[in-house]
Amino acid sequence: MANPASGNGGAPAAGGPGGTATLESPLPRPGDPAITPELVEDHGLSPDEYAQIRRIMGREPTFTELGVFSAMWSEHCGYKNSKRLLRLLPTQAPWVIQGPGENAGVIDVGGGYALAFKIESHNHPSAVEPYQGAATGVGGILRDVFTMGARPVATLNSLHFGDLDIPRVRYLFGGVVKGLGDYGNCVGIPSTGGEVYFDRGYEDNPIVNAMCLGLMRKEDLIRGTAEGVGNTLMAVGARTGRDGIHGATFASEELSEGDDEASRPQVQVGDPFTEKLLLEASLELIASGHIVGIQDMGAAGLTSSGAEMAGRSGTGVEMDVALVPVREQGMTPYEILLSESQERMLVVAEAGKEDAVREILEKWELEAETIGSVTATGSFRVLEGGVAVADIPALPLTDGCPTYERQGAEGDDVRELREMDIAPYVEPPGGLEDAFLRVVGSPNVASKQWVYEQYDTTVRGNSIERPGGDAGVIRIPGTNRGVAASTDCNGRHTYLNPRAGAMGAVAEAARNVACTGAVPMAVTNCLNFGSPLKSHIQHQFREAVLGMRDACAYLETPVTGGNVSFYNETDGKAVYPTPVIGMVGVIDDVEAVVRYAFRDPGDPILLLGANTGELGGSEYLYALHGLVAGEPPPVDLPAERALQRCILAMAQLRLLKSAHDVASGGLAATLTECCLGRPRTGRSVGAAVRFTDALSDTALLFGEDHGRVVLTCAPEDEDRLLRHAANYGVPCARIGTVTDPRAPLEIETPSSRLRLESETLRERYYGVIPDIMNQ
Amino acid sequence: MTRFTVEVLVTPRPGLLDPQGKAIHHALSSLGYDAVEDVRVGKAIYLEVAAATPEDARERAEEMCRKLLANPVTEDFRITAAEGDGAGR
Amino acid sequence: MTRFTVEVLVTPRPGLLDPQGKAIHHALSSLGYDAVEDVRVGKAIYLEVAAATPEDARERAEEMCRKLLANPVTEDFRITAAEGDGAGR
Amino acid sequence: MKVAIITFPGSNCDQDCHRSVELACGSPRYVWHRETSLGGADAVIVPGGFAHGDYLRPGAIARFSPVMDAVTRFGRDGGLIVGICNGFQVLCEAGLLPGALLRNRSLRFQSHHCRMRVERTGTPFTSTFREGQVLGMPLSHADGNYYANPETLADLEAEGRVLFRYCDARGNATAEANPNGSLHNIAGIVNARGNVLGMMPHPDRAIEAVLGSVDGLPLFESLVGAIARKEVA
Ligand SMILES: Nc1ncnc2c1ncn2[C@@H]1O[C@H](COP(=O)(O)OP(=O)(O)O)[C@@H](O)[C@H]1O
Ligand SMILES: [Mg+2]
């Protein structure tokens, strides 16, 4: 689904446009259930919404039409409860080629190339069946990208789970990671990064968001439109089955003919091999010039792809469901229109080019069937063996969904937590060293090697920076140019203060990109929340959007699309508000990419940015005290922008030997990672670090203040770096020196001295997740 | 206690896409086996269990299936045998 | 021609390490199923075949096994059933 | 010095191999799996990926692709063939190499850096390496656990047909250095005649310093050199 952040907000057309009158109106189909208020309610439509549907139609809708409306006016497709707020997001910049509203956003990355990118949630399917749910999530996001004409070159993800000591969480986590991996690996797309958080706030509702980056020559961009009256609609790819038919709850007997209820599974199974074929075939089709539009049959399948393509081009479509290749017998129009079977596309072929299209698909052992055509009627018209079963004005279907903006208020429980005095918890119960090892060994901070080694990270030979550092960097094939990407959202921060948390997610994602030497360019987002019908969720959503707006505007990283996932709750308990940010950036020369690990003994270590010691919402409080409390770190946007500009300038001058941002787990985590280096290939070094800040040891080592990066450079470049920082007005101080391979990490503060052996840190940092998962 | 071999067959639920079955079907067709009309692929699991009676062995196996061996969302299971040692090897 | 369902069971050859079986065994043990002494995991493949007789169906399946369905280096196969339509579903 | 790179519908590393051959000064060309001829190629690479989705068993379906008859004939005639990762699996299934690749001991897909020792130089695939040289390169597979029956294994060892063995940084073939459970830490083998190589790690992903390793490039240089020597002989 397209995120209508800048939605064109078309007012619903009054009544059906002219032209439809000459065609016969659909009649109820034999076997259709009667439309009752209960049936309408089961379809997730309010009485008011139903009244509006009747006004649009000028009559009672048929059962099939009701299904179509229910899908298109669902939260997922219609953005009922988010559209108005999303319009506040900045969406423009000179480099934005395609903003919100398409399958994926597109930006100009220079050298004649464009980058298509998008993130999407698959939370609920992953909670039901983690392996298939996650796998099909990857499939969907790949299709969103290659339907723009771009070849997928990298995937990322953002995962949030409950605590790993719970067996079901381990099952979900293991299944999701395997599902993401197996699917992307088979299609042959390297994974370049992501994030995983564990917190009890996600125990019943895991968050599984998948992101994809794709590259194309600028002139190859194609959109999901149904242009050209008389052009041909073709269903391409896998056959349509009864999978994932939209969430109506009535008895199954009314739905299907003759089949038992077990034949309508809610789970969709992914077929990555078919996806790979579909990817190659689609790119070949687009390059052939035989087609004018293409779109994934994703959520709400044929319905949303057909209606959206017509809606975008102001045309109509007419299709006959009897022509759609099906996997099962006896499927009704309702089922065919709403099926969410995977690995399918809707293609608009130029009239007369159908055979050429079929030929390309055949090469890839796929089917392409003509199912209808583009019309001038402006309506979404569906036949079954020539008999009309649905005829709906397309524009109101796609743009006429009623939107709501409810007033929300902060929940009292959250306010209490945020305002809680955390001072009593600042003293670590078992001493500083114990606290250090527990923070570094907390699954949130510890290495995600166990995760990303299940993903192919090197296929296709362009992975410049693989998972494990700040942002992934992928080279544009055949050039020296690279694109960087990072996904970020600290759900604890957004829970305690959605506005500051969302700003922080944008700031952190941009900082991660900047640390590699790439310029942050644009954002895709995935907004994972509870029920929008609740006041405190509305409040969270609004605040998060506003925080994202401010940060994206200030950092000049417009939002080009994304996804909203509401109703992430179980038994009335919602997930933490989790606005995941997927940030992309560009670097001109991948040889200049900056890595995160310390390199050579004797190199000076500098801290860019100021320590303020923010412990609110920190990993320290959670790992040592089980607390989610306090005011999370604020974002100083001007300081953040200066820091990022400064680091980019340093990278461009090739003054940096390493750069690593400070996030979860504070300086303790960052210094540990810098010393340990990459697993398997890296070389651990020690460091001698000394802080003089007038902060408590805990605040200094574990504070998660934004706007900080740990750098190293060659000894002779230290002065230049300091002068640079002064020019940008960014605090910068030398905090220490890199020491010998395998030497300890030694930290001195005004009140303590710590000496952490390399082997101890390694065991904690690399060992904890494998130990839990292999138990 | 005797040792029994319990054969557990775990199959994808009807209606669910079975990409593996589909691919094998496709391969068999291109090898000329046109008479094959459908293929579905599941798992065959052989458990060597110490139990007092065959029924006992089956019962335990059934519990294991529900708990671990089969995924109730996507798979059905059948317990087809509880014989002496080493069957199904 | 009648339609038969042929059940093909493909199992790792004895003596061969079966990491999947080992993992399931381990998981069952940690769930407290101490009575399980060994686990081996193979594939269950159901073929819907049009054939004149059950024997005919089995024979064809055997050929398919030798050609494609089983790897002779690592796997044994057994054809255990050729029944009417839809069995093993 | 034409090198045919076989492309199955699910091949993912065909482009990586193409670039590797180019960097080694050979002339790569893709051969689609439905072709029945290798177009006069001097050597063949079967690249990595998921040839036909790797359903059933990796390589099991691919071996019936039309092009495999030509590849098999080419191999039986002494032509040089390299199978990398999925290509190794395909060659085993096709009977061009002995043994089989089972599921990794971890049961997980594994994608990470590995080290392997060059066991023998002076072959068409290893002439530019040093004996005992420790190479570092990525591996990326779910089924790389090499298995062969005891007789086959004994033959492989006795005839010096194990070309690459997983090892640690010092070159010791230890159990810890074995990523997937392969018998005898086997990472790559050749057939009895010595003209067909199969290996699990990816030399095709170790051809540029900016990507972390150039240890794979000599393999392609050896291959191209062997063809050239044959040409002038
Ligand atoms: N689910 C995942 N998939 C792939 N890579 C991941 C995943 N989770 C974490 N990583 C990688 O591990 C590294 C550390 O992640 P994280 O702790 O989230 O870093 P940061 O705090 O800098 O964003 C990053 O390089 C990230 O890409
Ligand atoms: Mg970071």
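Residue numbers (our numbering), protein chains in the order written: chain E, 7 to 781; chain S, 2 to 90; chain Z, 2 to 90; chain C, 2 to 234.
Even glycine gets a Cβ: it sits at the ideal position worked out from N, Cα and C.
What you are looking at is a predicted structure, and each value in this text was computed from that prediction instead of being measured.
Cβ neighbour criterion (16 or more within 10 Å) applied to residue i
i: residue 140 of chain E; result: buried
i: residue 230 of chain C; result: exposed
i: residue 745 of chain E; result: buried
i: residue 527 of chain E; result: buried
i: residue 262 of chain E; result: Confidence at residue 262 of chain E is low in this model, with a pLDDT of 38, below 50, so its placement is unreliable and the value that follows should be read with caution. Residue 262 of chain E comes out buried.
i: residue 55 of chain C; result: buried
i: residue 273 of chain E; result: buried
i: residue 615 of chain E; result: buried
i: residue 233 of chain C; result: exposed
i: residue 248 of chain E; result: buried
Selection from the options that minimises the alpha carbon distance to residue i
i: residue 74 of chain C; options: C:31, C:167, C:197 and C:220; result: C:197
i: residue 647 of chain E; options: E:767, E:637 and E:519; result: E:519
i: residue 37 of chain C; options: C:97, C:69, C:84 and C:85; result: C:69
i: residue 436 of chain E; options: E:616, E:366 and E:704; result: E:704
i: residue 548 of chain E; options: E:559, E:523, E:585 and E:123; result: E:585
i: residue 484 of chain E; options: E:645, E:469 and E:575; result: E:469
i: residue 95 of chain C; options: Z:80, Z:66 and Z:72; result: Z:72
i: residue 403 of chain E; options: E:281, E:318 and E:662; result: E:318
i: residue 671 of chain E; options: E:408, E:712, E:284 and E:445; result: E:445
i: residue 423 of chain E; options: E:173, E:151 and E:632; result: E:632
i: residue 302 of chain E; options: E:313, E:293 and E:295; result: E:313
Inter-residue Cα distance where the pair is residue i and residue j
i: residue 125 of chain E; j: residue 55 of chain Z; result: 52 Å
i: residue 676 of chain E; j: residue 203 of chain E; result: 17 Å
i: residue 14 of chain S; j: residue 77 of chain S; result: 6 Å
i: residue 259 of chain E; j: residue 327 of chain E; result: Confidence is the limiting factor: at residue 259 of chain E the pLDDT is only 29, short of 50, which leaves the residue's position unreliable and the question unanswerable from this model.
i: residue 172 of chain C; j: residue 657 of chain E; result: 37 Å
i: residue 385 of chain E; j: residue 400 of chain E; result: 5 Å
i: residue 81 of chain C; j: residue 128 of chain E; result: 46 Å
i: residue 113 of chain E; j: residue 153 of chain E; result: 15 Å
i: residue 412 of chain E; j: residue 544 of chain E; result: 7 Å
i: residue 600 of chain E; j: residue 42 of chain S; result: 48 Å
i: residue 775 of chain E; j: residue 38 of chain Z; result: 29 Å
i: residue 417 of chain E; j: residue 137 of chain C; result: 55 Å
i: residue 201 of chain E; j: residue 72 of chain C; result: 44 Å
i: residue 491 of chain E; j: residue 760 of chain E; result: 35 Å
i: residue 6 of chain S; j: residue 109 of chain C; result: 28 Å
i: residue 57 of chain E; j: residue 47 of chain E; result: 12 Å
i: residue 211 of chain C; j: residue 738 of chain E; result: 30 Å
i: residue 32 of chain E; j: residue 316 of chain E; result: 20 Å
i: residue 720 of chain E; j: residue 176 of chain E; result: 44 Å
i: residue 464 of chain E; j: residue 12 of chain S; result: 34 Å
i: residue 410 of chain E; j: residue 100 of chain E; result: 31 Å
i: residue 388 of chain E; j: residue 178 of chain E; result: 40 Å
Residues of the segment 22 to 49 of chain S whose Cβ lies closer than 9 Å to any Cβ of chain C, in chain order: Per Cβ criterion, the list reads 22, 23, 24, 25, 27, 28, 31, 32 and 42.
Interface residues of the segment 168 to 182 of chain E facing chain C [CB-CB below 9 Å]: From the segment 168 to 182 of chain E, no residue has a Cβ closer than 9 Å to chain C.
Interface residues of the segment 86 to 118 of chain C facing chain E [CB-CB below 7 Å]: If the cut-off is 7 Å between Cβ atoms, the segment 86 to 118 of chain C has 109, 110, 111, 112, 113 and 114 near chain E.
Short-range partners of chain Z found in the segment 172 to 199 of chain C, where Cβ spacing is below 8 Å: For the segment 172 to 199 of chain C, the set of residues with a beta-carbon nearer than 8 Å to any beta-carbon of chain Z comprises 182, in chain order.
Positions along the segment 53 to 81 of chain S whose CB lies within less than 9 Å of some CB in chain E: Within the segment 53 to 81 of chain S, the qualifying residues are 72, 74, 75 and 77.
Where the segment 59 to 81 of chain C meets chain S: residues whose CB sits under 7 Å from a CB there: Hits within the stretch, in order: 62 and 65.
Residues within the segment 131 to 150 of chain C neighbouring chain Z, beta-carbon criterion of under 9 Å: When C-beta distances to chain Z are compared with 9 Å, the residues of the segment 131 to 150 of chain C below that value are 146, 148, 149 and 150, in chain order.
Whole runs of the beta strand (DSSP E) within the segment 680 to 748 of chain E, excluding any shorter than 3 residues: As far as the segment 680 to 748 of chain E is concerned, its whole beta strand (DSSP E) runs of at least 3 residues are 691 to 696, 715 to 718 and 738 to 747.
Secondary structure, beta strand (DSSP E): runs of 3+ residues fully inside the segment 20 to 108 of chain E: If we require 3 residues or more, the beta strand (DSSP E) runs fully inside the segment 20 to 108 of chain E come out as 102 to 104.
Start-end ranges of the beta strand (DSSP E) lying completely within the segment 464 to 525 of chain E, minimum 3 residues: Inside the segment 464 to 525 of chain E, DSSP marks whole beta strand (DSSP E) runs of 3 or more residues at positions 469 to 471, 478 to 481 and 488 to 494, from first to last along the chain.
Near-chain S residues of the segment 123 to 147 of chain E - C-beta to any C-beta below 9 Å: Within the segment 123 to 147 of chain E, 134, 135, 137 and 138 place their CB atoms closer than 9 Å to a CB of chain S, listed in sequence order.
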